[in-house]
Each structure stands twice: as C-alpha cells, then as structure tokens.
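Participant:
Residue numbers (my numbering), protein chains in the order written: chain C, 1 to 339; chain S, 1 to 210.
1) Kindly say whether residue 96 of chain S, judged by its beta-carbon, lies nearer than 8 Å to any beta-carbon of chain C.
2) Below 8 Å, how does it come out for the region 107-119 of chain C and the region 73-89 of chain C: are there three or more Cβ pairs, yes or no?
3) At a CB-CB cut-off below 8 Å, which residues of chain C make contact with residue 30 of chain S?
4) Distance check for residue 29 of chain C and residue 170 of chain S, CA to CA, integer angstroms please.
5) Going by other Cβ atoms of all chains shown within 10 Å of its Cβ, with 16 needed for buried, is residue 43 of chain C buried or exposed?
6) Give a single yes or no on whether residue 151 of chain C has its beta carbon closer than 7 Å to a heavy atom of the ligand ADP.
7) Output yes or no for whether 8 Å exceeds the beta carbon distance between residue 169 of chain C and residue 139 of chain C.
8) Just to make sure I have the definition right: I need the residues of chain S whose C-beta is within less than 7 Å of the C-beta of residue 197 of chain C. Which are they?
9) Can you give the beta carbon distance from residue 49 of chain S to residue 34 of chain S, rounded, assuming they're within the 8 Å contact cut?
10) Identify the residues that DSSP records as bridge partners of residue 21 of chain S: which are they?
11) Measure from the alpha carbon of residue 155 of chain S to the alpha carbon of each residue in S:114, S:168, S:165, then state which is nearest.
12) Opposite residue 97 of chain S in the DSSP bridges: which residues?
13) Return the chain-ordered list of same chain residues with a C-beta closer than 7 Å to the C-beta of residue 205 of chain S, the five sequence neighbours on each side being excluded.
14) Would you call residue 336 of chain C buried or exposed, if buried means 16 or more other Cβ atoms sit within 10 Å of its Cβ?
15) Determine, for residue 15 of chain C, whether the minimum Cβ-Cβ distance to residues of chain S falls below 8 Å.
16) So the alpha helix (DSSP H) residue 305 of chain C belongs to, where does it begin and stop?
17) Mind checking if residue 68 of chain S is an interface residue toward chain C, Cβ cutoff 8 Å exclusive?
18) Which residues in chain S sit within 8 Å of residue 344 of chain C, going by Cβ to Cβ distance?
19) What does residue 235 of chain C reach in chain S if we use C-beta pairs closer than 8 Å?
20) Whole angstroms is fine: what's the gap from residue 18 of chain C's alpha carbon to residue 333 of chain C's?
21) Anyone know if the C-beta pair for residue 109 of chain S and residue 29 of chain S falls short of 8 Å?
22) Counting only C-beta atoms, is residue 299 of chain C closer than 8 Å to chain S at any point?
23) Once the 5 residues before and after residue 46 of chain C are set aside, which same chain residues still bring their CB inside 8 Å of it?
24) Assuming the contact rule is C-beta atoms closer than 8 Å, residue 70 of chain S and residue 59 of chain S should be a hit. Round their C-beta distance to whole Å, please.
25) Under a CB-based cut-off of 8 Å, is residue 50 of chain S close to chain C?
26) Measuring only between beta-carbons, confirm whether residue 157 of chain C sits less than 8 Å from chain S.
27) Would you check if the distance between the CB atom of residue 14 of chain C and the CB atom of residue 247 of chain C is smaller than 8 Å?
28) Helix, strand or coil for residue 212 of chain S? Go by DSSP, reduced to three states.
29) Quick one: give me the first and last residue of the beta strand (DSSP E) that residue 31 of chain S is part of.
30) What does residue 19 of chain C reach in chain S if we use C-beta pairs closer than 8 Å?
31) In the DSSP assignment, find the unbroken alpha helix (DSSP H) run with residue 56 of chain S in it and report its ends.
32) By a C-beta neighbour count over all protein chains shown, 10 Å radius and 16 as the cutoff for buried, is residue 92 of chain S buried or exposed?
33) For a contact meaning CB atoms closer than 7 Å, what does residue 77 of chain S contact in chain C?
34) Under a Cβ-count criterion, where at least 16 other Cβ atoms within 10 Å of its own Cβ denotes burial, should residue 89 of chain S be classed as buried or exposed?
35) Secondary structure at residue 122 of chain C, three-state DSSP: helix, strand or coil?
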C-alpha cells in the first residue's frame with residue numbers, strides 16, 4: 001500500500017503536505033502500530049468483498065466498518081452503505097454529466113473563487129492549469145456545480161468544497177463524489193448547508209446541551225471563560241472533522257458516518273471533550289483554551305485513529321438516535337421561540 | 001508568568017498598562033479577512049488562503065504610547081449564509097474591521113450592510129474600521145478611493161486601503177484602532193499575566209505614520 005512509503009515523505013498518502021510542526025517521531029510510532037492493523041483489515045476486507053452474495057447490511061459488517069475500511073474499498077462500500085447506489089437508480093440516465101454544464105453563472109463564480117482556496121497544500125489540488133497528472137480542482141468544480149444545480153435549495157455552502165475535495169481524494173471519481181455528497185447533504189446529515197443552516201444551528205445547541213448534561217464541569221468552565229461553543233463546533237459539523245483531525249482519522253470517522261449516520265459526529269465531539277477534560281479545565285484564560293483545543297486535535301489522542309475509533313463507541317456512553325432526534329426537536333423549538 | 005500590569009510595581013514608576021479588546025473581522029467571502037489577520041499576527045501571506053469555516057481566533061498585541069493593547073481577534077466566515085452566526089462573534093466586540101475588496105464593487109456594498117448592522121446591533125461604542133483590501137491590485141479597482149473615503153467619513157469610520165499581500169497599511173489599521181479605543185480602567189485587565197510566548201507578543205510600532 002501507498003501508506004508504507006509515505007512515512008518519510010513531505011506529503012502524506014492523500015497528497016497533503018505535512019505542516020512545519022509535524023511530529024514525525026509520533027507519526028512513526030503510530031504507523032509502526034497501524035500498519036499491522038491495516039494488514040489485518042486488508043485481509044479481512046478482501047474476503048468480505050469477494051463474497052459472492054455481495055455486501056449486506058448487518059451487525060458484523062457494522063463491526064468491520066468500525067474497524068476501518070481499507071482505502072481501496074472505501075468508494076464501493078461508502079456507495080453501498082450510504083444508500084447512494086439505491087438513490088442513483090431513482091434517476092434515469094446520466095444526470096451527472098448534464099448537471100456539470102454551467103447554467104447558474106453566479107453559483108459557478110462563487111465556486112470558482114473557492115477552488116484555489118481548497119486544500120492549497122495538497123499536491124492534487126494546487127496544480128497549475130498546464131501541469132500534467134490528476135488535477136482535482138477541475139473535477140471539484142464540476143462536482144460542486146453539478147450538486148449546486150441539482151439541489152438549488154442548498155446551492156453551494158462553504159465547507160462542501162472540503163468534503164467533496166476529500167471524497168475526490170478517496171474515490172478519485174467525480175461521479176461517485178457527487179452521489180456521496182448528495183447522500184451526506186440530503187440523507188445522512190440534518191439541514192447543515194442550506195441558506196438558513198437550521199440543522200447546524202440546532203446541532204450546535206445539541207452538542208453544548210450534551211456536554212452540559214455529561215460533563216457539567218467542562219460546560220460550566222467554558223461558559224465562565226465565555227467561550228462560545230460554535231467557535232469550535234461549527235467547523236466540526238460543517239467539515240465533518242475534515243481540516244480538523246488527521247486525515248486518516250477523518251476517513252475512519254466517515255466510514256462510520258456513511259453507515260451509521262450523523263450521531264457519529266456527536267460521539268467524536270464528546271470523546272474529544274471527555275479525553276481532554278482535565279486539560280480543558282486547567283485553562284485559566286479564553287486564549288489558553290483556544291490554544292489548548294488547537295493542540296488537542298493535533299495530538300496523539302486522535303492520531304492513533306484505531307484506538308480513537310474504539311473510544312468513540314465507548315467513552316461517551318449511550319447515545320441513541322431516538323434520544324438525539326428528540327433533543328434536536330426540543331433545541332430547534334427553543335431556538336425558534338427565542339427569535 | 002510573573003509580570004503584571006498595574007501600578008503595584010515596587011519602584012513606583014508607572015508601568016505600561018495592558019488593555020484587552022475584542023476585535024471582529026467582517027466582510028464578504030474572499031475579500032482577504034483571514035489574510036489581513038495572518039499578515040498582522042504572523043507577518044505571512046498565502047496567495048491562496050483557505051476559506052474560513054465558522055470562525056478563527058487569534059491574538060496579537062500592539063503598543064500605543066505607554067499602553068499595551070492586546071487584541072483578541074475573531075476572524076469570521078464571509079459567505080452570506082454564515083451570517084446567522086455572526087452576532088455571536090461581534091457581540092461584546094469593542095472593535096471591528098469591515099473588509100471589502102477594492103476590485104469588487106459588490107463586496108463594498110456588502111461592507112456597507114455590515115457597517116449598518118454593527119451600528120444597529122453591536123456595542124454602541126464599537127470602533128469600526130473600513131478596510132479596502134487588495135490595494136496592490138489598484139489597476140483593477142472598481143471601488144474608488146474617494147468613494148470609500150466619503151462613505152467612511154459620513155459614518156465616522158476609520159478608513160484605509162490595505163494590502164495583506166504587500167503588508168501595506170495592515171499594522172497601521174490595527175494601530176489606528178488601538179489608538180482610538182478608550183484605554184480606561186474598564187479595559188485594563190490586571191489579572192492577565194504577561195506571557196510573551198503564549199501571546200506572540202510583538203510590538204508593531206514599526207508604523208510611525210501617525
């Protein structure tokens with residue numbers, strides 16, 4: 001796998017340039033463990049994918065997804081578990097190519113502005129027009145225009161560029177990216193990206209309420225420092241942890257997100273807060289807390305993605321979709337009443 | 001962590017006091033809000049600055065006479081739909097920089113809308129600066145200097161054309177704000193320890209045009 005050779009490279013296996021303060025020693029240690037995990041998972045998934053019955057949603061598939069889908073199978077498995085394959089059948093013909101023809105010039109202009117601002121540190125995105133090799137900027141443009149024209153209610157929301165961008169890096173296929181983006185925006189996530197961002201505002205309230213209920217000391221501390229939750233959580237929800245956590249960790253989270261839905265995002269958020277409770281409580285100033293949170297997301301707790309993924313299903317305890325949706329309803333009602 | 005501001009210095013000389021202010025950057029997407037902050041805080045410029053999702057938070061200090069002014073800078077997302085989150089960031093802000101792109105008339109219109117909103121909904125004494133960014137692209141300008149200047153005067157805003165790329169007027173705009181902010185006791189924060197490394201404290205008194 002490409003991963004093994006990337007260890008000493010300036011770029012990671014997805015083409016992202018490693019930051020200047022990248023901790024190579026920590027990463028080496030992580031990879032020395034993770035390569036073994038990957039080898040085992042690769043074997044297991046080869047047999048799953050070779051099964052003559054094909055993929056079938058089941059508790060054992062769920063367990064295997066939680067342990068990570070190998071990169072080479074992600075596109076296929078995500079398309080299946082997200083329901084994208086089924087969704088696609090509802091449409092006649094090749095709707096994607098038709099949608100890539102620019103009709104909405106304003107939409108196209110808005111997207112064009114964000115193209116060079118999407119993963120400028122990634123070798124697949126920062127290519128100039130003339131250079132050879134894959135140039136995901138053009139593909140990203142087509143995917144975002146197609147989706148914006150397909151779903152006019154949403155159009156284009158900043159943040160979708162990162163999601164579609166990472167989907168392209170994984171699937172290397174713009175049509176698959178389009179369908180996966182559609183599933184995320186319309187089926188898997190609440191109304192995050194529409195013009196009112198209603199679902200986002202609700203989920204921001206829900207996460208602060210969940211923290212208040214589960215980690216009251218953290219919640220009280222953050223309000224003492226007048227730290228508004230949206231400062232950190234907006235990006236967590238909008239980008240689905242992309243551009244926040246290490247790429248491999250993000251993709252492991254997305255494995256579960258496509259299969260289990262948006263409550264996974266809350267599990268991740270609660271786990272980060274729970275694992276770093278003491279550090280958060282030790283911050284005496286707003287500024288310290290902001291720095292502390294920046295450090296946390298770059299640190300070992302989330303880098304060791306295999307362990308982190310185990311933790312997200314243990315650390316926060318029970319979190320049912322039913323309870324979550326109830327809470328979403330209540331929070332949304334309260335917010336609209338406040339208006 | 002030891003140095004503290006305030007008059008309690010043993011030798012009795014008046015030490016520089018430290019004032020802390022919350023400053024928010026507002027303006028249309030891609031006008032250069034994050035770039036202005038990056039230039040001001042780290043002295044850097046990226047041709048392609050990633051789009052800001054939600055908001056980013058940074059700090060920087062400037063020295064004005066005998067006062068150290070510490071800015072808590074809130075850099076916000078520019079896209080229209082993120083507007084509903086903006087009040088959270090400008091609430092309680094003592095200063096705002098409303099940014100437009102001198103090459104794009106629409107962004108100037110949007111800047112005016114932000115100014116109006118701040119005048120209506122932000123703290124009544126908020127110091128607002130209007131920054132016409134991308135001044136290095138003046139040959140492509142679509143917003144005339146005089147037009148913006150007149151608007152700023154009418155609305156009692158500080159005004160400068162800036163360039164995050166060349167650093168033109170970047171420190172200056174923050175410094176002008178720092179000078180205009182009231183440095184009374186209310187904003188002096190004696191409990192704030194002077195921790196140079198954590199604050200990235202650099203006195204940007206390079207300006208001197210004032």
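We put the beta carbon where it would ideally sit given N, CA and C, even for glycine.
Predicted, not measured: the structure shown is a model, and the values here were computed from it.
Facilitator: In brief:
1) Put simply, the CB of residue 96 of chain S is far from chain C, with every gap to its CB atoms at 8 Å or more.
2) Verdict: no, contact absent.
3) Correct list: 113, 114, 117.
4) About 42 Å.
5) Label assigned to residue 43 of chain C: exposed.
6) No copy of the ligand ADP appears in this structure; indeed no ligand is present at all.
7) Not closer than 8 Å, so no.
8) Result: 81, 84.
9) Right, their Cβ atoms sit about 5 Å apart.
10) Looking at the DSSP assignment, residue 21 of chain S forms a beta bridge with S:71.
11) For residue 155 of chain S, the nearest C-alpha among the options comes from S:114.
12) According to DSSP, which records beta bridges pairwise, residue 97 of chain S is partnered with S:25, S:129.
13) Bear in mind that a pLDDT of 31 at residue 205 of chain S, under 50, signals an unreliable position, so the number given afterwards is only what the model happens to contain. Cβ within range, chain order: 63.
14) Residue 336 of chain C is exposed by the Cβ-count criterion.
15) Chain S, which has no Cβ nearer than 8 Å to the Cβ of residue 15 of chain C, makes this no.
16) From DSSP, the alpha helix (DSSP H) with residue 305 of chain C extends over 305-312.
17) At a cut-off of 8 Å between C-beta atoms, residue 68 of chain S does not count as an interface residue with respect to chain C.
18) Past the boundaries of the shown model lies residue 344 of chain C; chain C is included only from 1 to 339, so the question cannot be answered.
19) Here the neighbours are 53, 54.
20) Cα to Cα, the separation comes out at about 43 Å.
21) In terms of Cβ geometry, residue 109 of chain S and residue 29 of chain S do not form a close pair [threshold 8 Å].
22) Cβ-Cβ to chain S under 8 Å: no for residue 299 of chain C.
23) Once the five neighbours on either side are set aside, residue 46 of chain C has no close Cβ partner at all.
24) Residue 59 of chain S and residue 70 of chain S do touch by the CB rule: their CB atoms are close to 6 Å apart, below 8 Å.
25) At a cut-off of 8 Å between beta-carbon atoms, residue 50 of chain S makes contact with chain C.
26) Interface residue (Cβ-Cβ distance to chain S less than 8 Å): residue 157 of chain C is classified as such.
27) Taking the C-beta atoms as reference points, residue 247 of chain C is found nearer than 8 Å to residue 14 of chain C.
28) Residue coverage of chain S in this structure runs from 1 to 210, which leaves residue 212 of chain S outside it and unanswerable.
29) Here residue 31 of chain S belongs to no beta strand (DSSP E), and DSSP marks it neither H nor E.
30) Under the 8 Å cutoff, chain S gives no residues; its nearest Cβ is about 13 Å from residue 19 of chain C.
31) Not the alpha helix (DSSP H): residue 56 of chain S falls in the beta strand (DSSP E), residues 55-64.
32) Residue 92 of chain S should be labelled exposed.
33) 158, listed in chain order.
34) By the beta-carbon neighbour count (other beta carbons within 10 angstroms, threshold 16), residue 89 of chain S is buried.
35) Reduced to three states, the DSSP call for residue 122 of chain C is strand.
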